[in-house]
Amino acid sequence: MTAVDAPAVTAPALAATGLVRHFAVSGRRSKAERAAGAGRHRAVHAVDDVSLVVPAGTTLGVVGESGCGKSSLGRLLVGLDRPDRGEIEWAGERAGTHRGQVQAVFQDPASALDPRMTVQDAIGEALPGLRGDELRAAVDELLHRVGLDAELAERLPHQLSGGQQQRVCIARAIASNPALVLLDEAVSSLDASLQAQVVELLLQLQERNHAAYVFISHDLRAVRAVSDRIAVMYLGQIVELAPAERFDLELLHPYSVALRSAEPHLPGDGHRIERIVLQGDPPSPIDPPSGCRFASRCPVAQARCRTEAPALVERTDGHAVRCHFPGSLVPLVLPEEQPA
Amino acid sequence: MTSELTETLASTSLLQPSKRRRIPVVGTIAYAVLAVYVLLAIVGPLLVPYPPNQLNVGPRLAPPGPEFWFGTDALGRDLLSRVVAAIRPALVAAATATAIALVIGTLFGLAAGYWRGAVDGVISRIVDFLFAVPEYLLAILVLAVLGSGLVNAAVAIGIVFIPRFARTVRGSTLEIMSRNYIDAARLSGRGGAWIMSRHLLPNIASPLVVITAINLSTATGAYAALSFLGFGVRPPDADFGSMIADSLQYLTADAWVVVPPAVAFVILILAINLAGDALRDRLDPRSVSR
Numbered sequence: 125m126t127a128v129d130a131p132a133v134t135a136p137a138l139a140a141t142g143l144v145r146h147f148a149v150s151g152r153r154s155k156a157e158r159a160a161g162a163g164r165h166r167a168v169h170a171v172d173d174v175s176l177v178v179p180a181g182t183t184l185g186v187v188g189e190s191g192c193g194k195s196s197l198g199r200l201l202v203g204l205d206r207p208d209r210g211e212i213e214w215a216g217e218r219a220g221t222h223r224g225q226v227q228a229v230f231q232d233p234a235s236a237l238d239p240r241m242t243v244q245d246a247i248g249e250a251l252p253g254l255r256g257d258e259l260r261a262a263v264d265e266l267l268h269r270v271g272l273d274a275e276l277a278e279r280l281p282h283q284l285s286g287g288q289q290q291r292v293c294i295a296r297a298i299a300s301n302p303a304l305v306l307l308d309e310a311v312s313s314l315d316a317s318l319q320a321q322v323v324e325l326l327l328q329l330q331e332r333n334h335a336a337y338v339f340i341s342h343d344l345r346a347v348r349a350v351s352d353r354i355a356v357m358y359l360g361q362i363v364e365l366a367p368a369e370r371f372d373l374e375l376l377h378p379y380s381v382a383l384r385s386a387e388p389h390l391p392g393d394g395h396r397i398e399r400i401v402l403q404g405d406p407p408s409p410i411d412p413p414s415g416c417r418f419a420s421r422c423p424v425a426q427a428r429c430r431t432e433a434p435a436l437v438e439r440t441d442g443h444a445v446r447c448h449f450p451g452s453l454v455p456l457v458l459p460e461e462q463p464a
Numbered sequence: 208m209t210s211e212l213t214e215t216l217a218s219t220s221l222l223q224p225s226k227r228r229r230i231p232v233v234g235t236i237a238y239a240v241l242a243v244y245v246l247l248a249i250v251g252p253l254l255v256p257y258p259p260n261q262l263n264v265g266p267r268l269a270p271p272g273p274e275f276w277f278g279t280d281a282l283g284r285d286l287l288s289r290v291v292a293a294i295r296p297a298l299v300a301a302a303t304a305t306a307i308a309l310v311i312g313t314l315f316g317l318a319a320g321y322w323r324g325a326v327d328g329v330i331s332r333i334v335d336f337l338f339a340v341p342e343y344l345l346a347i348l349v350l351a352v353l354g355s356g357l358v359n360a361a362v363a364i365g366i367v368f369i370p371r372f373a374r375t376v377r378g379s380t381l382e383i384m385s386r387n388y389i390d391a392a393r394l395s396g397r398g399g400a401w402i403m404s405r406h407l408l409p410n411i412a413s414p415l416v417v418i419t420a421i422n423l424s425t426a427t428g429a430y431a432a433l434s435f436l437g438f439g440v441r442p443p444d445a446d447f448g449s450m451i452a453d454s455l456q457y458l459t460a461d462a463w464v465v466v467p468p469a470v471a472f473v474i475l476i477l478a479i480n481l482a483g484d485a486l487r488d489r490l491d492p493r494s495v496s497r
């Protein structure tokens with residue numbers, strides 16, 4: 125296997141500083157955009173000044189509504205896209221050529237597996253150094269590790285179930301012993317019972333391989349189940365970065381509080397959080413507002429929020445917030461309803 | 208993309224039953240006829256009664272009869288022998304032209320779809336240019352530079368047909384490049400050669416076979432047209448296009464002279480077309496037979 129040599133000092137598996145990624149927009153400006161003073165050279169601010177560190181063996185969850193830039197960020201972090209500005213380091217080395225040291229599992233296994241490649245060949249693709257019997261043995265071992273029968277090696281993707289396909293993708297992702305694995309909505313396409321199994325599998329594999337995970341999802345419950353720390357994204361920026369255990373009642377950014385309150389309640393959670401419904405849609409990521417990007421929808425916004433953009437400030441150990449008035453939106457906690 | 212959409216729409220709509228009515232026998236017959244032509248192209252010259260280029264083997268413009276089955280032409284050459292001799296250049300020209308267009312067009316399309324950006328810009332402009340110039344004008348322009356003859360005519364047709372392949376391959380490549388399995392291959396350190404040969408080519412193979420079959424018939428027609436205009440094999444060698452052209456001046460008095468080369472050519476074109484359709488129906492079940 126093409127194992128990456130561990131550096132002498134334990135550098136974090138992933139360190140990103142000041143990542144910026146804008147996508148140029150072509151086409152005419154709409155009347156409304158011109159009225160709002162949109163410039164001629166417009167860009168979607170997919171990722172704006174994102175810095176994060178993921179130590180080996182830990183999981184960073186990234187949550188946010190669709191279009192907030194979490195998948196764009198994920199592609200930057202594993203080098204499938206290049207940032208306009210900013211630095212990325214994988215295990216202390218400047219990110220660059222792919223040698224299997226970073227891997228990814230994507231949402232749709234049907235798109236992540238070549239329909240004309242057998243399971244054996246798909247996994248073998250991540251093991252460039254192996255041939256023949258050696259390769260066959262390595263693939264068998266990987267299939268076993270993700271809980272699949274070795275007989276599936278000769279199958280084509282359409283001969284597998286969705287859960288089996290996703291396990292093949294995971295086997296391929298861990299084949300090269302990566303220091304970092306991007307899990308972009310990796311369990312979102314699976315049904316609830318499969319989700320739990322795959323999450324369990326991912327955690328077992330992490331314990332064994334000590335890889336760092338970046339777990340991107342719109343599903344807060346799944347993110348809380350796997351993550352050590354959670355980053356909340358809004359319009360291309362991280363608005364709050366909190367340890368997972370604080371990600372319930374100790375959230376400080378009004379957007380995070382609203383996001384948490386939108387998570388469906390399940391019996392056994394212990395408490396219910398009154399849903400906070402945000403007004404309006406997120407502003408366009410093309411030329412976002414100059415003040416706080418959340419000000420237009422924030423229930424507790426003040427005059428300063430509309431003019432001055434807040435910085436991401438670390439409040440307590442490992443808990444950072446991008447807000448002028450952190451903690452001003454307090455969730456309403458209700459006791460759990462007892463079934464009648 | 209658009210043609211795919213219309214194909215999908217058509218296959219789910221009223222046009223569906225027409226597919227059922229199509230008799231698979233047609234395809235089988237087409238394959239068989241094509242096989243006969245290929246066989247004749249290889250061994251035909253050994254079977255014919257007279258040397259095809261020999262003058263005055265019989266009277267001039269003799270009508271079909273027991274001695275000269277298809278009659279003779281104005282120079283007293285046996286038309287049966289000449290028709291059989293004309294099959295080889297027709298097939299060689301079509302195959303060579305299509306092969307040139309297939310190889311170069313596929314490479315262009317793959318490169319444009321894989322690297323995008325500036326590479327795509329340059330290739331797409333070249334392809335647009337080739338598309339914009341009328342096809343026969345472009346072919347004759349190439350022949351004016353290269354000089355006429357079988358190989359040069361095939362090269363000219365090949366160049367003219369490059370865009371047909373380049374566009375299809377580029378479109379399919381762009382579509383496949385957006386799949387996550389390409390991302391996965393990159394993350395594992397696989398480069399362009401691997402991605403093209405292991406992922407892109409296998410996944411575009413079936414549309415490629417279909418357009419190859421279709422263009423084989425178009426190329427046969429194009430070569431006959433160029434030969435008709437005098438750009439084909441050099442006289443006295445036989446060629447469908449030039450034989451039809453030569454017979455035109457006798458059309459009023461001895462009209463049957465045009466029949467043997469014209470009929471043989473039409474049957475060949477029909478066989479290639481129908482065989483191509485049958486192949487497409489087998490490889491691309493979504494498409495509808497016309």
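Protein chains in written order, with this note's numbering: chain A, 125 to 464; chain B, 208 to 497. Beta carbons are placed, not taken as given, at the ideal position from N, Cα and C, and that holds for glycine. Just so you know, these numbers come straight off a predicted model, no measurement behind them.
Start and end of the beta strand (DSSP E) containing residue i?
i, result
"A:Met357", "Arg353 to Tyr358"
"B:Ile402", "Premise fails: B:Ile402 is in no beta strand (DSSP E) and is neither H nor E."
"A:Leu76", "Outside the shown range of chain A (125 to 464) lies residue 76 of chain A, about which nothing can therefore be said."
"A:Gly185", "Thr183 to Val187"
"A:Ala170", "Arg166 to Val178"
"B:Tyr457", "Per DSSP, B:Tyr457 belongs to no beta strand (DSSP E) and is neither H nor E."
"A:Val323", "A:Val323 -> not in any beta strand (DSSP E); alpha helix (DSSP H) instead, spanning Ala316 to Asn333."
Just the C-alpha distance for residue i and residue j, rounded to the nearest angstrom, thanks.
i, j, result
"B:Arg267", "B:Val243", "29 Å"
"B:Val367", "B:Pro271", "39 Å"
"A:Arg218", "A:Pro302", "15 Å"
"B:Tyr321", "A:Ser313", "28 Å"
"A:Arg166", "A:Asp273", "51 Å"
"A:Pro136", "A:Gly181", "9 Å"
"B:Pro341", "B:Leu348", "11 Å"
"B:Tyr257", "B:Ala248", "16 Å"
"B:Pro224", "B:Gly437", "With a pLDDT of 47 at B:Pro224, under the threshold of 50, the modelled position of this residue cannot be trusted, and the question is left open."
"B:Ala281", "B:Gln456", "10 Å"
"B:Ala319", "B:Met403", "12 Å"
"B:Trp463", "B:Phe275", "13 Å"
"A:Leu280", "B:Asp335", "38 Å"
With a CB to CB cut of under 8 Å and the five nearest residues on each side skipped, what residues in its chain are close to residue i?
i, result
"B:Thr459", "none"
"A:Ala140", "Val174, Ser175, Leu176, Val177, Leu200, Leu201, Gly210, Glu211, Ile212 and Glu213"
"B:Thr279", "Val264, Gly265, Pro266, Arg267, Leu268, Ala269, Asp285 and Leu286"
"B:Val416", "Leu486 and Leu490"
Closest by CA to residue i, which one among the options?
i, options, result
"A:Cys192", "A:Pro412, A:Phe449 and A:Gly451", "A:Pro412"
"A:Ser190", "A:Pro407, A:Arg430 and A:His443", "A:Pro407"
"B:Ser395", "A:Ala228, A:Arg345, A:Leu284 and A:Val311", "A:Ala228"
"A:Ala277", "A:Thr431, A:Pro367 and A:Ile247", "A:Ile247"
"B:Glu382", "A:Ala433, A:Asp238 and A:His395", "A:Asp238"
With H, G and I counted as helix, E and B as strand and the rest as coil, what does DSSP make of residue i?
i, result
"A:Ser420", "coil"
"A:Thr440", "strand"
"B:Ala242", "helix"
"A:Ile400", "coil"
"A:Asp264", "helix"
"A:Gln227", "strand"
"A:Val270", "coil"
"B:Phe277", "coil"
"A:Arg370", "helix"
"A:Met125", "Low per-residue confidence applies at A:Met125: pLDDT is 43, beneath 50, and the placement is therefore not dependable, though the value from the model is reported in the following sentence. Note: A:Met125 maps to coil in three-state DSSP."
"B:Leu268", "coil"
"A:Ala349", "helix"
Considering only residues of the same chain and omitting the five flanking positions on each side of residue i, which have a CB-CB separation below 6 Å?
i, result
"A:Pro450", "Leu376"
"B:Pro468", "Val290, Phe447, Met450 and Ile451"
"B:Val250", "none"
"B:Pro259", "Ser288, Arg289, Ala292 and Ala445"
"B:Ala363", "Ala346, Val349 and Leu350"
"A:Ala130", "Unreliable placement is indicated for A:Ala130, whose pLDDT of 48 sits below 50; the coordinate value is still reported in the next sentence. Result list for A:Ala130: empty, nothing under 6 Å."
"B:Asn480", "Ser424"
Spatial neighbours of residue i within its chain, please: CB distance less than 7 Å, with the 5 preceding and 5 following residues excluded, ordered by chain position.
i, result
"B:Asn422", "Thr305, Ala308, Phe368 and Arg371"
"A:Gly271", "Arg291 and Leu325"
Got a sec, what are the start and stop residues for the alpha helix (DSSP H) residue i sits in?
i, result
"A:Ile410", "That residue, A:Ile410, is in no alpha helix (DSSP H); it is neither H nor E in DSSP."
"A:Gly142", "Premise fails: A:Gly142 lies in the beta strand (DSSP E), Leu138 to Val149, not in any alpha helix (DSSP H)."
"A:Gly210", "Premise fails: A:Gly210 lies in the beta strand (DSSP E), Arg209 to Trp214, not in any alpha helix (DSSP H)."
"A:Val311", "Premise fails: A:Val311 is in no alpha helix (DSSP H) and is neither H nor E."
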